[in-house]
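> Got a structure for you, written out below as structure tokens; questions coming shortly.
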Amino acid sequence: MSKNGSAYGKAAGDTDFRKKYDLDEYAAKAKEREAAEKEERKARWEAKQAGKKYYKPMDGSETLTTARNATQDFSKMVGTTTLVPAGAGVGKRGRGAGFYCEACDLTFKDSLQMLEHTNSMQHLRNIGQTGEVRKATAEDVHKRIELLWERLQERKREEVVSLKERLEVRKEEEEKEREEKRRKRKEAEERKRAEKEKELKAKTDYGDDVRIEGEHDEDDMMAAMGFTGFGATKK
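All you need for my numbering is the position in the sequence shown, starting with 1, plus 633.
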């Protein structure tokens, strides 16, 4: 029976839209993968027997190790939620809860382990670096010094500008504080003046016998306690 035949001996034309796979090609790929995995297991076992750590062998396409251009900000993960598979909490292999390295397919539980792994030879080999740093020449040193000097001068200019702006802002804030104190002091004086005028008006309208609130509190208290005065009497 042909590959395109059906159970009834007729051509199955309704399945022509399906993708055709070359079984021989995929079998060869699987054989190559199994051979590579076997070689890796053998290399890991030999490194373990020799008391060494296994690293991915270089194929010649690696580049020299260079300094990172950006810092690793671990604080951005604070307060975030990550969905992980049910069995992700066992071991470091695979994506789990923590800091995940996509190049090495490993998960670390704290930032210190993640930082140490980033600087390790295992990680450098997996991202295509040799772990060796190119030796700097005299010209490279001069360029680096000029770059750092320009950064220092730029930072100084920014500090001068920012210091001037901060002084101006502080001056405006002090002026606003003084204006607010003057306003409150003026309101208090006007309130006291209004109360004084009200008391004088009451005395003018009703005479000296009128009692102003709070004016005779001390005399009333002394009378209630039976004191008429604290002065000495002469005999």
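A virtual CB, placed ideally from N, CA and C, is assigned to each residue, including glycine. Computed from a predicted model, the values in this text were never measured in an experiment.
1. In the DSSP assignment, the alpha helix (DSSP H) including T751 goes from what residue to what residue?
2. Under three-state DSSP, which class holds M634?
3. What whole-angstrom Cβ distance do C737 and N759 have, given they're in contact under 8 Å?
4. Below 7 Å CB to CB, which residues in the same chain sit around M855 once its five sequence neighbours on both sides are set aside?
5. CA-CA distance, L716 and G729?
6. Can you give me the Cβ contacts of E812 inside the same chain, cut-off strictly under 6 Å, excluding the 5 residues immediately before and after it?
7. Taking its Cβ as the centre, do 16 or more other Cβ atoms sit within 10 Å of F732, making it buried, or is it exposed?
8. Going straight from the alpha carbon of P718 to that of V711, what length do you get?
9. Assign L739 to buried or exposed, taking buried as 16 or more other Cβ atoms, counted over all protein chains shown, within 10 Å of its Cβ.
10. Where does M634 land, buried or exposed, given buried means 16+ other C-beta within 10 angstroms?
11. Going by DSSP in three states, R651 sits in which element: helix, strand or coil?
12. Hey, which unbroken runs of the alpha helix (DSSP H) at 4 residues or more fall wholly within the segment 750-838?
13. According to the Cβ coordinates, are E772 and L697 closer than 8 Å?
14. Do Y688 and M754 have their CB atoms nearer than 8 Å?
15. Drop a sphere of 10 angstroms on the beta-carbon of L757, count the other beta-carbons inside from all chains shown, and report buried for 16 or more, exposed for fewer.
16. Could you check where the alpha helix (DSSP H) with Y659 kicks off and where it finishes?
17. How many whole angstroms separate the CB atoms of S708 and G761, which I take to be in contact at a CB cut-off of 8 Å?
18. Would you decide whether M691 is buried or exposed? Buried here means 16 or more other CB atoms lie within 10 Å of its CB.
19. Output the boundary residues of the beta strand (DSSP E) element that contains R739.
20. Buried or exposed: where does M747 fall if 16 or more other Cβ atoms within 10 Å of its Cβ makes it buried?
With the structure as the only source:
1. Along the sequence shown, read from residue 1 onward, the residue named residue 751 stands at position 118. From DSSP, the alpha helix (DSSP H) with T751 extends over S744 to T751.
2. Locating residue 634 in the sequence shown gives position 1, counting from the first residue. Confidence at M634 is low in this model, with a pLDDT of 45, below 50, so its placement is unreliable and the value that follows should be read with caution. The answer is coil: DSSP assigns M634 none of H, G, I, E or B.
3. Numbered from 1 along the sequence shown, position 104 holds the residue referred to as residue 737. Numbered from 1 along the sequence shown, position 126 holds the residue referred to as residue 759. Right, the Cβ-Cβ distance comes to about 5 Å (below 8 Å), so this counts as a contact.
4. For this step, residue 855 is matched to residue 222 along the sequence shown. Around M855: no qualifying Cβ.
5. As a position in the sequence shown, residue 716 is number 83, starting the count at 1. As a position in the sequence shown, residue 729 is number 96, starting the count at 1. Approximately 8 Å between the Cα atoms of the pair.
6. Stepping through the sequence shown from its first residue, residue 812 is reached at position 179. Non-local C-beta neighbours of E812 in its own chain, meaning closer than 6 Å and more than five positions away in sequence, are absent.
7. The sequence position of residue 732 within the sequence shown is 99, counting from 1. Burial call: buried.
8. Residue 718 sits at position 85 when you count from the first residue of the sequence shown. Residue 711 sits at position 78 when you count from the first residue of the sequence shown. The alpha-carbon atoms of P718 and V711 are separated by roughly 20 Å.
9. For this step, residue 739 is matched to residue 106 along the sequence shown. L739 should be labelled buried.
10. Position 1 of the sequence shown, counted from the first residue, corresponds to residue 634. With a pLDDT of 45 at M634, under the threshold of 50, the modelled position of that residue is not reliable, and no figure is offered here.
11. If you number the sequence shown from 1, residue 651 lands on position 18. R651: coil per DSSP, three-state reduction.
12. 754-759
13. As a first step, residue 772 must be located in the sequence shown, where it is residue number 139. As a first step, residue 697 must be located in the sequence shown, where it is residue number 64. No. Outside cutoff.
14. The count along the sequence shown starts at 1 and reaches residue 688 at position 55. The count along the sequence shown starts at 1 and reaches residue 754 at position 121. Yes.
15. Numbered from its first residue, the sequence shown carries residue 757 at position 124. Its Cβ being crowded by 16 or more others within 10 Å, L757 is buried.
16. Counting from 1 along the sequence shown, the entry for residue 659 is found at position 26. Taken as a continuous stretch (DSSP letters only), the alpha helix (DSSP H) holding Y659 covers L656 to Q682.
17. Residue numbering aside, residue 708 sits at position 75 when the sequence shown is read from its first letter. Residue numbering aside, residue 761 sits at position 128 when the sequence shown is read from its first letter. Rounded, the Cβ-Cβ distance is 28 Å, inconsistent with contact.
18. Numbered from its first residue, the sequence shown carries residue 691 at position 58. M691 is exposed by the Cβ-count criterion.
19. Counted from its first residue, the sequence shown places residue 739 at position 106. A small fix is needed here, since residue 739 is Leu in this sequence, not Arg. For L739, the uninterrupted beta strand (DSSP E) segment begins and ends at L739 to F741.
20. Residue mapping note: residue 747 aligns to position 114 of the sequence shown, counting from 1. By the 10 Å Cβ count, M747 comes out buried.
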